[in-house]
Structure formats: structure tokens, C-alpha cells
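Only one structure is covered here, and it is reproduced in the block below.
In my numbering, the protein residues as written are 35 to 117.
This is the structure in C-alpha cells:
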């Protein structure tokens with residue numbers, strides 16, 4: 035069955051304490067070279083049947099109205115995951 039992946043990230047002006055915690059932990063475990071970390075959310079929507087434009091539109095609507103908080107988050111991607 036096909037899967038639609040929705041990626042949601044905090045808006046750039048919103049503080050990201052989880053990303054900041056990961057960013058400060060990386061050097062402590064010997065991983066260097068990353069200037070910033072932002073943590074977001076990934077949703078996988080399994081589709082019954084074929085992915086049509088109507089199904090993609092429904093996934094976009096779900097992403098904008100239910101899967102994200104438009105006040106503090108941006109929907110950055112709604113795409114069919116290739117198997």
C-alpha cells in the first residue's frame with residue numbers, strides 16, 4: 035500500500051528546546067560540525083488504493099488542520115514515499 039509522508043517543522047522564529055538539547059549533546063558524544071539542530075515531526079499516512087490528486091489534497095488538508103499547529107509549525111512536505 036502506498037504511503038504519504040507529511041513533515042512538520044517548528045516555524046523559524048519559534049524556540050526549539052528539543053533541537054537545542056540535541057545540538058548541545060552532539061559534541062559531548064564526539065559528533066562535531068553541526069551548527070544547529072531543529073526537531074520536527076513525521077507522519078506516515080497509509081493509503082488504501084491508489085494515490086490520486088484527491089487523496090493528496092486530503093492529506094494536505096489533514097496536515098494543515100490536524101497534524102500541525104499553524105501558529106507555531108509549518109508543513110514542509112506532503113509527498114508520496116517511493117517504495
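Where a beta carbon is used, it is the ideal one built from N, C-alpha and C, also for glycine.
DSSP places residue 76 in the strand class (E or B) of the three-state scheme. Taken through DSSP and simplified to helix, strand or coil, residue 69 comes out as coil. Beta-bridge annotation (DSSP): residue 107 is paired with 44.
From the listed residues 76, 78, 59 and 75, the smallest Cα separation to residue 69 is found for 59. Following the DSSP letters along the chain, one finds residue 36 in no alpha helix (DSSP H), marked with neither H nor E. Comparing alpha-carbon positions, the option among 87, 105, 99 and 103 lying closest to residue 114 turns out to be 87. In the structure shown, the three-state DSSP call for residue 89 is helix. Here residue 79 is buried, its C-beta having at least 16 other C-beta atoms within 10 Å.
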